[in-house]
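Below is one structure, written out as structure tokens; the observations come after it.
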Amino acid sequence: MIGLYAIFIRLYGWAIRLAALKNPKARDWIAGRKGIFKELDSIRFKVQPFWIHAASLGEYLQAKPVIERLKATYPSVPIVLTFFSPSGYQNFKDLHLVDAVLYLPLDTRYNAQRWVQQIHPRAAFFIKYEFWPNYLDALCHHKVPYGFLAASFREDHPIFSWWGGFIKDRVFRASLITVQDPMSKRRLEQNGYFNASLSGDSRFDQVFELAQDPKRFPKVEEFVDGHPVLMAGSCWPEDEEVILPQIMRFTRIKFIFAPHDISDQNIRRLIQSLPVPALRYSEIKDEDDLTEFRVLVIDNIGMLSHLYALATYAHVGGGYKQGLHNILEPAAHGNVVFFGPQIEKYWEASEITQRKAGFPVHDAAEFSGLLKEFESDPTIRESARNAALQFVDSHRGSADRMMEAIRQLHLGLGERPTLPE
């Protein structure tokens with residue numbers, strides 16, 4: 002099966018090169034890996050580094066609290082961070098936390114062996130579901146301990162299928178696996194891996210810390226002007242179909258759209274579809290009277306997680322088709338959280354629903370009914386707000402649990418106390 006995988010991964014590489022003729026993201030994927038080993042040659046560390054790999058920005062946010070604790074606990078050990086996706090690499094800002102940030106080359110046997118030999122990591126940690134068999138083989142070959150942090154395993158996970166066994170065997174050689182939820186731990190045990198630890202999801206630590214001191218945006222605050230706010234976070238057209246009708250139904254509420262796709266074409270499409278005039282954040286002028294507008298469109302990346310501090314309600318995108326985006330950020334700010342109904346793969350969405358802090362929405366009519374209920378009864382709204390805050394608080398501490406699992410690898414390093422809460 003590994004031979005078939007080798008063919009697949011090369012075809013995948015060629016497919017991206019073909020897609021790069023028209024797709025900007027594919028072009029960035031190719032350009033970012035050009036000369037990667039020469040770049041690696043220029044990086045020299047006095048001691049062996051930790052290597053941490055995240056698929057994209059979302060996985061990095063899960064890794065960030067752990068990286069902070071690694072930095073505090075092992076200050077003399079460099080940290081190399083790699084991304085698979087351009088959206089992770091290009092939007093990474095925390096340069097003070099790592100000593101090198103790079104794209105991960107394609108998972109061929111040659112690339113993997115060369116990569117591990119040149120980096121020579123002390124240990125390697127993959128976030129959530131990054132299972133690259135050739136890299137795992139190379140780490141084994143060079144006797145480098147590796148683990149998976151904040152992993153999640155659904156019942157239909159590919160590694161449990163008849164064709165995914167060759168990946169499962171390599172995953173199960175890991176020195177540690179920490180999982181987000183009890184069901185993932187149970188599924189691993191049912192398949193023969195009994196050393197997984199239940200850590201939870203470190204995003205809860207990250208979003209909690211962020212919510213304690215969000216950045217302020219005076220122009221947005223001027224726009225809000227004391228009104229309740231519905232934040233459409235990481236929204237797609239399918240989400241807009243549910244949200245747009247509410248603009249005319251709830252005239253007391255102000256609406257902020259932060260689309261997942263911030264291309265100029267998509268922003269213009271969204272603004273043209275709105276039933277009222279809208280502000281585009283990048284085009285706000287000092288003389289504009291922002292209080293007269295009811296809709297604001299955010300056309301950049303980086304503000305959304307902080308803007309939830311101004312919101313009363315949040316409709317998080319992706320739950321109708323693309324895959325649910327981050328519901329923990331608005332919950333950490335006490336927003337009443339709404340999302341599409343396709344949440345089977347997201348245990349956190351199921352739990353926040355059970356706690357009556359989050360609410361799946363099937364269509365515009367259902368959303369209208371829910372908003373009417375919350376707007377007409379502040380006590381119900383406050384109950385949902387408190388439930389959202391409690392939901393986040395109850396899952397904090399996962400980064401410390403992951404750090405404890407890493408300590409138990411006995412890497413032979415001096416330690417400092419972990420970061421205070």
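Everything in the sequence shown is counted per our numbering, starting at 2 for the first residue and increasing by one.
Idealized CB from N, CA, C, for every residue including glycine.
Helix, strand or coil for residue i, going by three-state DSSP, please let me know.
i	result
residue 168	helix
residue 285	coil
residue 195	coil
residue 178	strand
residue 1	Residue 1 lies beyond the stretch modelled for the chain, which goes from 2 to 422, so this question has no answer here.
residue 412	coil
residue 201	coil
residue 243	helix
residue 321	coil
residue 161	helix
residue 313	coil
residue 254	coil
residue 80	strand
residue 75	coil
residue 148	strand
residue 7	helix
residue 102	strand
residue 420	The predicted position of residue 420 is uncertain, since its pLDDT is 41 and thus under 50; a value taken from the coordinates is nonetheless stated next. Residue state, collapsed to three classes: coil.
residue 107	coil
residue 131	coil
residue 153	coil
residue 423	Outside the displayed span of the chain (2 to 422) sits residue 423, for which this structure offers no information.
residue 186	helix
residue 238	helix
residue 398	coil
residue 95	coil
residue 173	coil
residue 206	helix
residue 423	This structure leaves residue 423 out entirely; the chain is present only between 2 and 422.
To the nearest angstrom, how far is it from the Cα of residue i to the Cα of residue j?
i	j	result
residue 343	residue 244	17 Å
residue 404	residue 67	7 Å
residue 191	residue 149	18 Å
residue 60	residue 208	13 Å
residue 308	residue 317	13 Å
residue 84	residue 57	6 Å
residue 322	residue 102	32 Å
residue 34	residue 20	15 Å
residue 293	residue 300	20 Å
residue 433	residue 410	Residue 433 lies beyond the residue range present for the chain, which begins at 2 and ends at 422; the question has no answer from this structure.
residue 351	residue 391	15 Å
residue 218	residue 312	13 Å
residue 221	residue 163	52 Å
residue 131	residue 227	44 Å
residue 252	residue 240	19 Å
residue 160	residue 110	20 Å
residue 380	residue 396	25 Å
residue 65	residue 105	18 Å
residue 418	residue 202	Residue placement at residue 418 is flagged as unreliable, the pLDDT there being 46, under the threshold of 50; the coordinate-derived value follows with that caveat. Residue 418 and residue 202: Cα-Cα distance of roughly 21 Å.
residue 332	residue 40	40 Å
From which residue to which residue does the alpha helix (DSSP H) around residue i run?
i	result
residue 90	87-91
residue 389	379-395
residue 220	219-225
residue 112	110-120
residue 134	134-142
residue 305	305-308
residue 330	329-333
What first and last residue would you give for the beta strand (DSSP E) that runs through residue i?
i	result
residue 340	337-340
residue 126	124-128
Please confirm whether any heavy atom of the ligand ATP lies closer than 7 Å to the CB of residue i.
i	result
residue 260	The ligand ATP is not among the ligands present in this structure, which contains no ligands whatsoever.
Taking 8 Å as the threshold (beta carbon to beta carbon), is residue i in contact with chain D?
i	result
residue 143	Here there is only one protein chain, and chain D is not present.
Alpha helix (DSSP H) runs wholly inside the segment 21-71, at least 4 long, in chain order: 25-34, 37-42
Is it a yes or a no for the segment 87-101 touching the segment 224-235, going by three-plus beta-carbon pairs under 8 Å? no
Is it a yes or a no for the segment 380-394 touching the segment 335-350, going by three-plus beta-carbon pairs under 8 Å? yes
Taking the runs of the alpha helix (DSSP H) that are 4 residues or longer, which of them lie wholly in the segment 342-372? 348-355
List, from N- to C-terminal side, the alpha helix (DSSP H) runs of 4 residues or more that fit wholly inside the segment 256-300. 265-274
Indicate whether the contact test is met: 3 or more Cβ pairs, each with one atom in the segment 23-33 and one in the segment 51-65, closer than 8 Å. no
Does the pairing of the segment 281-294 with the segment 176-195 give three or more beta-carbon distances under 8 Å? Contact between the segment 281-294 and the segment 176-195 is absent: fewer than three C-beta pairs spanning the two stretches fall below 8 Å.
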